[in-house]
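*Asks:* Order-wise, the sequence lines are chains A and B. Residue numbering for the first sequence follows the working numbering, starting at 62 and increasing by one per position. Residue numbering for the second sequence follows the working numbering, starting at 25 and increasing by one per position. Have a look at this one.
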Amino acid sequence: MKRVYVNEQWCLACHLCEYYCAFANQDETDMSTALKGVPIRPNIRVEQLGDVCFAVNCRHCDEPLCVKGCLTGALSVRDGVISIDRDKCVGCCTCVVSCPYGAVTPTEDGVVQKCELCVNTRDGEPLCVKGCPNAAIVWESVVR
Amino acid sequence: MRYVVIGNSAAGIGAIEGIRQADPDGRITVISSEPYHTYSRPLISYFLMGKTDGERMRYRPEGFYESNGCETMLGVKAVSVDPGRKTVTLEGGASVEYDKLFVGAGSVPFVPPIEGLETVTNRFTFMTYDDALALKAAITPASRVLIVGAGLIGLKCAEGVAGSVAGITVVDLAPGALSSILDAEGSAIVREHLESRGIEFRLSDSVAKVSGGVATLVSGAEIEFDILVLAVGVRPDTALIRDAGGKCGRGILVDSFMRSSLPDIYAAGDCTESLDVSSGTVKVMALLPNAYRQGEVAGINMAGGSAELTDAIPMNAIGFFGLRVATAGTYEGEAYTDRKNGYKKLFYKDDTLKGFIIIGGIEKCGIYTSLVRERVPLSRINFPLIRENPGLIAFSRSYRDAKLGGAAI
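Right, here's the structure in full:
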């Protein structure tokens, strides 16, 4: 299956992936209208220190500790994508304590949020990848 | 191949899903004393709060047993195991044969010997869906609730009923709230937060006797109550294996393949004790994530596959009225304390992170958990950086290339 890979050497720390992610998860069709003045809560985050920068999102692990530890059964693997059933999640955050990448985030809504590879969005494929200007995030089926 | 799975909670479901990874065809029979589709026990407090319901509490979708080819015997108690004849005897005398047996019997609430307990009509434990249903039916807006036990179960129960009753008092012999997983400072933060929501604490004290609706504490204080919840703790339900001659400590002894000491019998979850790699000691780690992973490993091995669990640690995520608490591992060695964003304490020793307590800002704390679980040498990462903020930037470039870039390790 296709995975999102990060090419750290190409990351510019432009944070566009974060904006595209936030946009992908909204109903609004115009990006600037959707995001203007709105605090964003992206599922991909750029880490940066000095010259080092890279984006991190859910790795959709083969051995997903978040899914195995989920108290409710809200997290499950669907066609290789680790998905969340927001109706079942009670926000216990066991997944947040389990994820080795810090890729599941608690929210104030009482449920957690995470990358679902845009499978349920308009585009149907990762918008962070489409929006990355420098191929620092790619979506590939090859096993590297 | 005929598999029998005793227990229908996280460990049992893990076992079923493990078996099916290695054997799509063998016959699986699930036996549980509870008459319900598999549900998530930790959700019973959320059920009382109205944050979930019977439907959404289901741990797996409705068609789970059918899609996994399981036959179910729900509401049926397994009373004994004969490892020689390879049979499980059920309440009522019927028996079921197995080739491979899985025991995920869970735990039973420990009921302390309190004088006069039999005089209390509205007396509850808080572990199962039935417990929650009974408690929900008994409470009224006028109820004064007395909870014995300020641990995970007692305090989640307090949160669960807080919006529906007149008052809650929690009594515990320990000096602090959640004293089994928090240090004194963390304990005080949680207690003060709960107190701000109207919950009263009587700590370093215990109930000497009860009579009708009055509890007399060892200190001499008297507390009037309408509802009594006993939440002093649970103990592993080892009876099936112990009575069959299997080795048990506090829990059923299992190895890293989840084999008990009896042939063709596996066990997992709250009824077992196993190695905590953060402390190097064998203990009962009665936590759902461990139960599932242990069960899955057992199932894979039962079905002829190969799996081993070598990285189990204690780990808790718990919240009260919006205050988030995360803990993992063991609290040994030197401590790094940070009070900038809530309360964070990291414990490290011998070049490894041994454990942590975080209250408040728990974002990305799973990165700390992975350091504990994988015993990552701190000298190989930027520890001064990561102890301030969990992030992959503190790891080596080659680690990130492997984990994020998909490069070969």
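Don't be surprised by glycine CBs; every beta carbon is placed ideally from N, CA and C.
Per DSSP, what kind of secondary structure is M73 (chain B) in: helix, strand or coil?
*Replies:* Three-state result, M73 (chain B): helix.
*Asks:* Can you give the Cα-Cα distance for E69 (chain A) and Y162 (chain A), rounded to whole angstroms?
*Replies:* Answer to the nearest angstrom: the Cα atoms are 15 Å apart.
*Asks:* Going by C-alpha distance, which of B:L202, B:L333 and B:G293 is nearest A34 (chain B)?
*Replies:* Comparing Cα positions, the closest option is B:G293.
*Asks:* With 8 Å as the threshold, decide whether the Cβ of T155 (chain A) is near any Cβ in chain B.
*Replies:* By this cut-off, T155 (chain A) is an interface position.
*Asks:* Name the DSSP bridge partner or partners of Y485 (chain B)?
*Replies:* In the structure as shown, chain B begins at 25 and stops at 433. Residue 485 (chain B) is therefore absent and cannot be evaluated.
*Asks:* Span of the alpha helix (DSSP H) holding M309 (chain B)?
*Replies:* First-last for M309 (chain B): undefined, no H or E at that position.
*Asks:* Secondary structure at E216 (chain B), three-state DSSP: helix, strand or coil?
*Replies:* Three-state result, E216 (chain B): helix.
*Asks:* Can you list, in chain order, the residues of its chain with a C-beta nearer than 8 Å to that of V400 (chain B)? Leave out the 5 residues immediately preceding and following it.
*Replies:* Once the five neighbours on either side are set aside, the close Cβ partners of V400 (chain B) are T376, L377 and S394.
*Asks:* Which partner residues does E94 (chain B) have in the DSSP bridge list?
*Replies:* A small correction: the amino acid at residue 94 (chain B) is Cys; Glu does not occupy that position in the sequence shown. B:I52, per the DSSP bridge assignment.
*Asks:* Please identify, using Cβ separations under 7 Å, the residues of the region 158–169 of chain A that lie next to chain B, in order along the chain.
*Replies:* Against chain B - using a Cβ distance shorter than 7 Å - the residues of the region 158–169 of chain A are V158, S159, C160, P161, Y162, G163, T166 and P167.
*Asks:* In chain order, what residues of the same chain lie with their CB nearer than 6 Å to the CB of M238 (chain A), ignoring the 5 residues before and after it?
*Replies:* The first residue shown for chain A is 62 and the last is 205, placing residue 238 (chain A) beyond what the model contains.
*Asks:* Are at least three pairs of beta-carbons, each pair with one atom in the region 335–354 of chain B and one in the region 55–65 of chain B, less than 8 Å apart?
*Replies:* No, because fewer than three Cβ pairs between the region 335–354 of chain B and the region 55–65 of chain B fall closer than 8 Å, the two stretches do not touch.
*Asks:* What are the boundary residues of the alpha helix (DSSP H) that includes D106 (chain B)?
*Replies:* Premise fails: D106 (chain B) lies in the beta strand (DSSP E), A102 to D106, not in any alpha helix (DSSP H).
*Asks:* For L72 (chain B) and T149 (chain B), I'd like the C-alpha separation in whole angstroms.
*Replies:* Straight-line Cα distance between these residues: approximately 14 Å.
*Asks:* Just the chain B side, please: which residues come within less than 7 Å of V113 (chain A) by C-beta, in chain order?
*Replies:* By Cβ distance, chain B contributes I417.
*Asks:* On the CB-based measure, 16 or more other CB atoms within 10 Å of its CB, does G304 (chain B) come out buried or exposed?
*Replies:* Exposed, by the Cβ-count rule.
*Asks:* Since E186 (chain A) meets chain B, which of its residues come closer than 8 Å, beta carbon to beta carbon?
*Replies:* Correct list: empty, because the minimum Cβ distance to chain B is about 18 Å.
*Asks:* Mark F84 (chain A) as exposed unless 16 or more other C-beta atoms lie within 10 angstroms of its C-beta, in which case mark it buried.
*Replies:* Buried: at least 16 other Cβ atoms inside 10 Å.
*Asks:* Contact criterion: CB-CB distance below 8 Å. Does V117 (chain A) meet it with respect to chain B?
*Replies:* It does; some Cβ of chain B falls within 8 Å.
*Asks:* Establish whether the CB of L132 (chain A) and some CB of chain B are separated by less than 8 Å.
*Replies:* Yes - at least one Cβ of chain B is within 8 Å of the one on L132 (chain A).
*Asks:* Grouping DSSP H, G and I as helix and E and B as strand, with all else coil, what is A182 (chain B)?
*Replies:* Three-state DSSP puts A182 (chain B) in a helix.
*Asks:* Buried or exposed: which applies to T296 (chain B), given that a residue is buried once 16 or more other Cβ atoms fall within 10 Å of its Cβ?
*Replies:* Buried.
*Asks:* Can you grab the Cα-Cα spacing for the pair R26 (chain B) / D47 (chain B), in whole Å?
*Replies:* So the two alpha carbons sit approximately 11 Å from each other.
*Asks:* Taking the alpha carbon of S188 (chain B) as the point to measure from, which residue in B:D196, B:I223 and B:K388 has its own alpha carbon closest?
*Replies:* Minimum Cα distance to S188 (chain B) is reached at B:I223.
*Asks:* Going by alpha carbons, who is nearest to A315 (chain B) out of B:S330, B:I381 and B:S280?
*Replies:* Of B:S330, B:I381 and B:S280, the residue nearest in Cα terms is B:S280.
*Asks:* Tell me the DSSP secondary structure of F344 (chain B) in three-state form.
*Replies:* F344 (chain B) falls in the strand class under three-state DSSP.
*Asks:* Just by C-beta distance, which residues in the region 54–81 of chain B are closer than 8 Å to chain A?
*Replies:* Result list: S64, P66, L67, Y70, K75, T76, R80 and M81.
*Asks:* Less than 8 Å between CB atoms is the rule here; does A401 (chain B) satisfy it with respect to chain A?
*Replies:* The sequence given here places Pro at residue 401 (chain B); Ala does not occur at that position. No, because no Cβ of chain A sits closer than 8 Å to the Cβ of P401 (chain B).
*Asks:* In chain order, what residues of the same chain have a beta carbon less than 6 Å from the beta carbon of G184 (chain B), not counting five sequence neighbours either side?
*Replies:* Closer than 6 Å at the Cβ level, and outside the excluded window around G184 (chain B), lie S69, L72 and M73.
*Asks:* Alpha carbon to alpha carbon, what distance is there between C72 (chain A) and A116 (chain A)?
*Replies:* Using only the alpha carbons, I get a separation of about 8 Å.
*Asks:* So, do the region 328–336 of chain B and the region 357–374 of chain B have three or more beta carbon pairs nearer to each other than 8 Å?
*Replies:* Touching, no.
*Asks:* Which of helix, strand or coil does DSSP assign to C389 (chain B)?
*Replies:* Of the three classes helix, strand and coil, the one that applies to C389 (chain B) here is coil, per DSSP.
*Asks:* When the distance is taken between beta carbons, is V120 (chain B) closer than 8 Å to T111 (chain B)?
*Replies:* Yes, the Cβ-Cβ distance between T111 (chain B) and V120 (chain B) is below 8 Å.
*Asks:* Ignoring anything shorter than 4 residues, give me the alpha helix (DSSP H) runs that lie fully in the region 187–233 of chain B, in order along the chain.
*Replies:* Within the region 187–233 of chain B, the complete alpha helix (DSSP H) runs of at least 4 residues are 208–220.
*Asks:* Please report the residue range of the alpha helix (DSSP H) in which R26 (chain B) lies.
*Replies:* First-last for R26 (chain B): R26 to I30, but that is the beta strand (DSSP E), not the alpha helix (DSSP H).
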